[in-house]
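Here's the structure we're looking at; comments come further down.
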Amino acid sequence: MSLIYSYLCTVIEKSKIIDIRSLSLDQIKDQLTALGEQGFRAKQIYEWIWVKSCVDFDEMSNLSKPLREKLKANFTINAVTVKESQISSDKTIKSSFWLYDNNIIEGVLIPAPERMTACVSSQVGCSLTCKFCATGYMDRKRNLNADEIYDQVVLISKQAEENYGQPLTNIVYMGMGEPLLNYANMMKSVERITAPDGLNMAAKRITVSTAGIAKMIKKLGDDQVRFNLALSLHAANDKKRNEIMPINEQNSLKALAEALKYFYAKTKSPITFEYIVFNNFNDELEDAKELAKFCKHVPCKVNLIEYNPIALADFLNAEADKIEVFANYLKSQGIITNVRRSRGKDIDAACGQLAIKDEKKEESEA
199 MSLIYSYLCT VIEKSKIIDI RSLSLDQIKD QLTALGEQGF RAKQIYEWIW VKSCVDFDEM
259 SNLSKPLREK LKANFTINAV TVKESQISSD KTIKSSFWLY DNNIIEGVLI PAPERMTACV
319 SSQVGCSLTC KFCATGYMDR KRNLNADEIY DQVVLISKQA EENYGQPLTN IVYMGMGEPL
379 LNYANMMKSV ERITAPDGLN MAAKRITVST AGIAKMIKKL GDDQVRFNLA LSLHAANDKK
439 RNEIMPINEQ NSLKALAEAL KYFYAKTKSP ITFEYIVFNN FNDELEDAKE LAKFCKHVPC
499 KVNLIEYNPI ALADFLNAEA DKIEVFANYL KSQGIITNVR RSRGKDIDAA CGQLAIKDEK
559 KEESEA
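Letter 26 of the sequence shown, counting from 1, is numbered 224 in this note's numbering, and no numbers are missing.
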């Protein structure tokens, strides 16, 4: 009985400790003042955690040892750590990350001659159940905190420097989860990544991808965001899109078109449409015509994406000649069109492949 009591006391005691990265600069100042410390120390601490990405109070060398001990006694830093990394034959690096509560997420470094891109997750799992996506077959366990998204960027940036001698240039919110269903934390993470007293990256180097939540796209417009928006479209008629993306049943193409026009009116930022070309599903000329018609709603470009098969779905990638015909039709309509080849497919790091292997492993170990 005493062991149980001791354990409960430990849990309760730990729950009183504040994650310092959940506090604003002013809140840290208030906390320090309450501990009898000088308020100006807050700015030093803030710089350590957000500019220098420090996750260990002992490394905050311009703070006195007594203050560092106070920080350790009253605060924590719930840092994300690398669990495992794999390097693809095309030099893509996929990493699984441990969170403080033992949940696991995945992120990817995508190297290219002119850029280094970090693909980060916004949720543990996903609630949207897209039929072609590995993450969609997982349960959504929780949203990521802003600092957990920030940490992925920092860790992937280190991988870019250490493996390829290049700094990170771009960030895409295209990993596990739906960013617009974790709106507040997504926005705070972008703020910390772009702020001068953060990582100071340019907002235009960041792309947030959504499966299409109309009211939240409008909110992005109201907030006049400066980052790029991508919509995972994959079909330009409601019947087909309902079949592969159940979110479309509550967010029809008409509703999405209205939301995108609102977003563009507020931000003047063109939209990117992501379109996976599935064999014998959405790869015909008629599909291309429907997509071209949808593109007329807002200034945009289209990324045609190679499908990456997963064990739980029966979809196949479209034939190369069909993709070429599809792309050429869009270009003939004056639409900027890029055909994206998969990266990291051999280590399940490509679009739509994240997280399923860890989920299976966890189930087998349970």
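Glycine is no exception: its CB is placed at the ideal position from the N, C-alpha and C atoms. Being a predicted model, the structure only gives us computed values, none of them experimental.
Check                                                                                                                                                                  : Outcome
Give the single residue among N501, A434, G396 and K270 whose Cα lies nearest to the Cα of S222.                                                                       : G396
Can you say whether R439 is buried or exposed, counting buried as having 16 or more other CB atoms within 10 angstroms of its CB?                                      : buried
Please name the residue, chosen from C493, I442 and V423, that lies closest to C331 on a Cα-to-Cα basis.                                                               : I442
Compute the Euclidean distance between the alpha carbons of K281 and Y335, then round it to the nearest angstrom.                                                      : 22 Å
Straight-line CA distance for Q448 to Y460?                                                                                                                            : 18 Å
Inspect the beta-carbon positions of D217 and I275 and report whether they are closer than 8 Å.                                                                        : yes
What's the call for S319, buried or exposed, on a 16-neighbour Cβ count within 10 Å?                                                                                   : buried
Would you list the one or two residues that DSSP bridges to G305?                                                                                                      : S293
Would you kindly work out how many angstroms separate the C-alpha atoms of M258 and I347, rounded to a whole number?                                                   : 22 Å
Does the beta-carbon distance from M374 to C328 come in below 8 Å?                                                                                                     : no
F471 by DSSP, collapsed to three states: which one?                                                                                                                    : strand
How long is the line joining the alpha carbons of E504 and Q242, rounded to whole angstroms?                                                                           : 47 Å
Compute the Euclidean distance between the alpha carbons of S251 and E482, then round it to the nearest angstrom.                                                      : 48 Å
Need the endpoints of the alpha helix (DSSP H) that S319 sits in, please.                                                                                              : No alpha helix (DSSP H) contains S319, which DSSP labels as neither H nor E.
Assess, as a yes-or-no matter, whether the stretch 279-293 is touched by the stretch 256-271 under the definition of 3 or more beta carbon pairs within less than 8 Å. : no
Answer with buried or exposed for G363, where buried requires no fewer than 16 other C-beta atoms within 10 angstroms of its C-beta.                                   : exposed
Starting from L223, trace the alpha helix (DSSP H) in both directions and tell me its first and last residue.                                                          : L223 to A232
Tell me, which residues are paired with K499 by DSSP?                                                                                                                  : T470 and I534
Alpha carbon to alpha carbon, how far is N383 from E484? Give it in angstroms, no decimals.                                                                            : 39 Å
Inspect the beta-carbon positions of Q422 and K464 and report whether they are closer than 8 Å.                                                                        : yes
Determine whether the beta carbon atoms of I303 and L342 lie at a separation below 8 Å.                                                                                : yes
So which of A401, I215, L265 and L502 has the shortest CA-CA distance to N526?                                                                                         : L502
Could you check whether T367 and R313 sit closer than 8 Å to each other, using their CB atoms as the reference points?                                                 : yes
Apart from the five residues just before and just after N289, which ones in its own chain have a Cβ nearer than 7 Å to its Cβ?                                         : It should be pointed out that residue 289 corresponds to Lys in this sequence rather than to Asn. Once the five neighbours on either side are set aside, the close Cβ partners of K289 are P309.
Quick check on T333: buried or exposed, where buried means 16 or more other Cβ atoms within 10 Å of its Cβ?                                                            : buried
Do the CB positions of C498 and I469 come within less than 8 Å of each other?                                                                                          : yes
Taking 8 Å as the cut-off, decide whether the C-beta atoms of L326 and A409 are in contact.                                                                            : yes
Out of E359, S407, M414 and Q350, point me to the one whose CA is closest to Y381's CA.                                                                                : M414
I'd like the ranges of any beta strand (DSSP E) spanning at least 3 consecutive residues and lying wholly in the stretch 315-391.                                      : 368-371
Would you report the Cα separation of E359 and S450, rounded to the nearest angstrom?                                                                                  : 42 Å
Between G237 and R539, what straight-line distance do the alpha-carbon atoms span, to the nearest angstrom?                                                            : 52 Å
Rounded to whole angstroms, what is the Cα-Cα separation between P168 and F255?                                                                                        : Nothing in the structure corresponds to residue 168, since the chain is present only between 199 and 564.
Which value, in whole angstroms, describes the spacing of the CA atoms of A412 and S430?                                                                               : 13 Å
Relative to the C-alpha of I534, which candidate in A344, K263 and A490 has its C-alpha closest?                                                                       : A490
Go ahead and label L514 buried or exposed: buried means 16 or more other beta carbons lie within 10 angstroms of its beta carbon, across all protein chains shown.     : exposed
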